[in-house]
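Student: Would you mind keeping the following structure in view while I ask a few things?
Residue numbers (this note's numbering): 19 to 462.
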């Protein structure tokens with residue numbers, strides 16, 4: 019199977035042209051999202067030769083080369099010998115895969131980039147964890163770039179549904195409905211993305227077997243890998259438990275992730291360091307509460323008040339049914355036809371978080387009390403556009419009811435550019451509110 023087309027490839031091309039060997043590229047992201055595959059494909063297509071060093075399996079001979087960089091001619095001579103590949107000045111790429119496993123190689127970037135003979139790309143997971151870098155000097159010559167699981171458009175490319183995505187683009191451009199039949203089909207395609215997700219391993223299993231149970235097994239393997247990673251930096255198992263309870267906490271529809279309900283005698287404030295490591299792992303998307311929803315959202319957040327989403331919608335769906343040995347095809351089929359009896363609002367909300375994150379939006383939300391009752395209202399996501407904010411409410415029920423949006427607008431009307439209600443309905447406008455199905459969110 020050919021490697022899946024990924025948008026980040028074009029950013030690699032921009033870096034290669036702009037950098038001209040003056041910086042190394044650090045590709046950060048969760049494990050199993052396809053970093054190594056796309057970087058190696060870049061090496062194959064854009065260079066005369068490349069050497070990939072996977073530090074999960076690199077030989078001791080190669081690792082030992084990094085202990086002495088005083089003679090770079092000798093370093094490159096021996097690297098070519100052990101890798102059994104030739105390097106060509108300014109025409110070759112050297113890839114440090116899973117570089118967090120061997121910090122000396124990351125530190126070497128400073129010397130290697132200064133030499134400028136070759137280009138360098140690093141890939142890594144859990145990159146920012148202090149334990150991985152505490153004994154080395156982080157090179158300033160690194161240019162970091164974030165990679166995410168496949169977004170909805172990349173998924174459509176992979177499964178041969180480019181026309182579906184482009185039809186969504188046309189609907190958004192025209193700002194009008196193309197009819198109920200088109201909407202129902204596009205919703206079915208989007209729910210397929212929600213179920214399978216954007217992990218290349220799961221997408222490949224879907225294309226090869228057309229069997230949701232096989233897809234589910236692939237996703238469970240990834241979740242197990244993540245759980246093992248969590249234990250490496252938190253042997254208490256607390257972070258694993260926090261991760262496992264993400265669906266349960268979202269289903270409560272509470273104003274925050276309630277750490278105390280998951281971990282007895284623990285508060286969010288006491289868990290901030292461990293939670294920062296979980297966020298650094300890129301396995302979750304975190305939405306912080308914006309205390310004052312205006313431009314400069316990051317300056318008005320409450321670090322102890324947050325919601326957690328799994329980085330990938332497909333992994334999230336599998337995590338929801340982790341109590342079963344495998345997620346039966348019948349559950350997937352009902353999800354696909356939107357007939358699962360459980361409230362699916364939190365599943366859609368998780369997918370929306372992934373879409374926004376892939377677009378480059380940081381995630382913020384806002385809750386506020388009613389002035390006439392004990393009820394709290396919530397805006398699920400707030401994004402910045404131009405010099406204004408755009409509130410986004412996700413609804414799984416009647417689109418005609420949007421009191422949270424209305425009350426929020428009364429309070430912050432001067433800061434608002436546009437309002438969005440994301441629900442299972444065809445495109446329409448309700449006064450100045452854009453009522454959009456989730457497959458249109460990539461275009462907002």
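Cβ coordinates follow ideal geometry from the N, Cα and C atoms, glycine included.
#1: Can you list, in chain order, the residues of its chain with a C-beta nearer than 8 Å to that of residue 408? Leave out the 5 residues immediately preceding and following it.
#2: Mapping the DSSP letters down to three states, classify residue 41 as helix, strand or coil.
#3: Can you round the beta-carbon distance between residue 75 and residue 117 to whole angstroms, since I take them to be within the 8 Å contact cut?
#4: Buried or exposed: where does residue 282 fall if 16 or more other Cβ atoms within 10 Å of its Cβ makes it buried?
#5: I'd like to know whether the C-beta atoms of residue 216 and residue 55 end up nearer to each other than 9 Å.
#6: Please list the segments of the beta strand (DSSP E) lying wholly inside the region 216–289, counting only runs of 3 or more residues, in order along the chain.
#7: Are the Cβ atoms of residue 364 and residue 456 separated by less than 9 Å?
#8: Applying the 10 Å Cβ sphere with the 16-neighbour rule, what's the burial state of residue 214?
#9: Taking contact to mean 3 or more Cβ pairs, one atom from each stretch, closer than 8 Å, check whether the region 383–390 and the region 307–318 are in contact.
#10: Any chance the region 119–128 sits against the region 151–169, with 3 or more Cβ pairs inside 8 Å?
#11: Mind listing, in chain order, the continuous alpha helix (DSSP H) runs of no fewer than 4 residues lying wholly within the region 171–205?
#12: Closest to residue 280 by C-alpha separation, out of 370, 326, 47 and 59, would be which residue?
#13: Along the chain, where does the alpha helix (DSSP H) that runs through residue 336 open and close?
#14: Does the beta-carbon distance from residue 51 to residue 112 come in below 9 Å?
#15: For residue 161 and residue 41, I'd like the C-alpha separation in whole angstroms.
#16: Could you tell me how far apart the beta carbons of residue 106 and residue 158 are, in whole angstroms, since I believe they sit closer than 8 Å?
#17: Please classify residue 393: does DSSP put it in a helix, a strand, or coil?
#18: When you compare only the Cα positions, how much space is there between residue 85 and residue 130?
#19: Between the Cα of residue 390 and the Cα atoms of 416, 229 and 425, which residue gives the shortest distance?
#20: Runs of 3 residues minimum, wholly inside the region 63–97: which ones carry the beta strand (DSSP E) assignment?
#21: Could you give the first and the last residue of the continuous beta strand (DSSP E) run that contains residue 377?
#22: Counting Cβ pairs closer than 8 Å, one from the region 21–30 and one from the region 78–92, do we hit at least three?
Tutor: So, from the listed chains and residues:
#1: Only residues of its own chain outside the window of five on either side were considered, and among them 400, 401, 402, 434, 435, 436, 437, 438 and 462 have a CB closer than 8 Å to the CB of residue 408, listed in chain order.
#2: coil
#3: That belief does not hold up - the Cβ atoms of residue 75 and residue 117 are roughly 13 Å apart, past 8 Å.
#4: exposed
#5: no
#6: none
#7: Cβ distance not < 9 Å, so residue 364 and residue 456 don't count as in contact.
#8: buried
#9: Remark: three or more beta-carbon pairs, one from each stretch, lie closer than 8 Å, so the region 383–390 and the region 307–318 are flagged as touching.
#10: yes
#11: 180–192
#12: The residue with the shortest Cα to Cα distance from residue 280 is 326.
#13: 331–338
#14: no
#15: 6 Å
#16: Wrong, their Cβ atoms sit about 27 Å apart, outside the cutoff.
#17: coil
#18: 13 Å
#19: It is 425 whose Cα lies nearest to the Cα of residue 390.
#20: 67–72
#21: First-last for residue 377: undefined, no H or E at that position.
#22: Output reads no: the region 78–92 does not touch the region 21–30.
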